[in-house]
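Residue numbers are given in my numbering: position 89 of the sequence shown equals residue 89, and the series is strictly consecutive. Take a look at the structure set out below.
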Amino acid sequence: RDRLIDLLEDPSLGVVTSVMSLLLGLVSHWPELWTYVVNKCCKLMVKLNHPTAHKDFGSEYVYYKTVNPWLQVKILRILQYYPPPDKPDVYSKLCDVLKRLLSDTTMQKNVNTNNAAHCVLFEAVNYIIHIENNADLIKAAVGMLSQRLTAANQPNYRYLSLDLMQRMSHIPDAAEQFKKHQTIVSTALKDNDVSLRRRALDVLYSMCDTGNSAQIVDELLDYLNGTDFAIREELVLRVAILAEKFSPHLQWYVDTILKLMTLAGNYVSDQVTG
């Protein structure tokens, strides 16, 4: 095992990438045997994102302005099998790298440049979801994802952003950040792609609480009035659940259910009316 780990310091990124692929497979089956790779992986991630990395590793390992994105993704996936590194300085440097990645949100004209950067970005968000308790990283992640929801001609980025936001919704710090971007998420309900509309509905449902329930329910009812038959049945059920769960008072609940029955008609199940 030690010889394998030593190869992570090989000067050839080709060798390191091959070793990391093997490590990812080993860690996925026996994570308890490889805990000591965490600090080495973090240090390598920092090295790959150093300002001089393009020069240090050579152009053959730079794919559309990103230094070996495949290796970075593998590192981030390995780290998701473990808690944050136990060395404060190592964790601090890793967090600095993630913040820097998430703050560079400029979309490029070249499709491959965008894809190379975003495969690392989205995996970085997965890691942030895994560790949960870093408020600064969560804020940066939500900010980046909300910007991607407005990316024109990038339905895949919008879908992945909504998917990650829905996965983050159980984290208290993330839930608070979502409220700042509620309007952007609501706009996704009008997307031409039904899969995006479903994901937007999932996110709005997940981010609903006593503070914003009335506004979200009203938005969903207005959207229901637009007759989106593709997700109408699911939408009706979500509205009914939110109305019952977060009702501020009985009159509001009755008015909401009556409006729901008026707009949805036969889509309202006996379970809702009963």
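Here a beta-carbon is modelled for each residue, glycine too, at the ideal position from N, C-alpha and C.
Residues of its chain near residue i, where Cβ-Cβ distance is below 7 Å and the 5 sequence neighbours each way are ignored
{"i": "Y127", "result": "L76, L79, Q80"}
{"i": "Y159", "result": "S195, L196, R199"}
{"i": "M45", "result": "Q72, I75, L94, V97"}
Secondary structure of residue i, DSSP reduced to three states
{"i": "Y36", "result": "coil"}
{"i": "T256", "result": "helix"}
{"i": "T150", "result": "coil"}
{"i": "Y61", "result": "helix"}
{"i": "T275", "result": "With the chain represented from 1 up to 274, any question about residue 275 goes unanswered, as that position is not in the structure."}
{"i": "M107", "result": "coil"}
{"i": "E123", "result": "helix"}
{"i": "K74", "result": "helix"}
{"i": "R1", "result": "coil"}
{"i": "F246", "result": "coil"}
{"i": "C208", "result": "coil"}
{"i": "A230", "result": "coil"}
{"i": "P172", "result": "helix"}
{"i": "D193", "result": "coil"}
{"i": "P134", "result": "Sequence inspection shows Asn at residue 134; the Pro mentioned does not correspond to that position. Three-state DSSP puts N134 in coil, outside helix and strand."}
Cα-Cα separation between residue i and residue j, rounded to whole angstroms
{"i": "D89", "j": "Q154", "result": "37 Å"}
{"i": "E233", "j": "K40", "result": "50 Å"}
{"i": "A124", "j": "V142", "result": "12 Å"}
{"i": "R3", "j": "D193", "result": "50 Å"}
{"i": "T52", "j": "H29", "result": "35 Å"}
{"i": "K99", "j": "A140", "result": "7 Å"}
{"i": "P31", "j": "K87", "result": "19 Å"}
{"i": "K47", "j": "A151", "result": "30 Å"}
Rounded distance between the beta-carbons of residue j and residue i, thought under 8 Å
{"i": "M144", "j": "F178", "result": "Not confirmed; about 13 Å, so no contact."}
{"i": "Y82", "j": "T113", "result": "Going by Cβ atoms, the distance from Y82 to T113 rounds to 31 Å, so no, they are not a contact pair."}
{"i": "L263", "j": "N225", "result": "6 Å"}
{"i": "N68", "j": "T17", "result": "6 Å"}
Residues near residue i in its chain [Cβ-Cβ closer than 6 Å; skip 5 each side]
{"i": "T210", "result": "F246"}
Contact between the stretch 50-68 and the stretch 102-116: three or more CB pairs below 8 Å? yes
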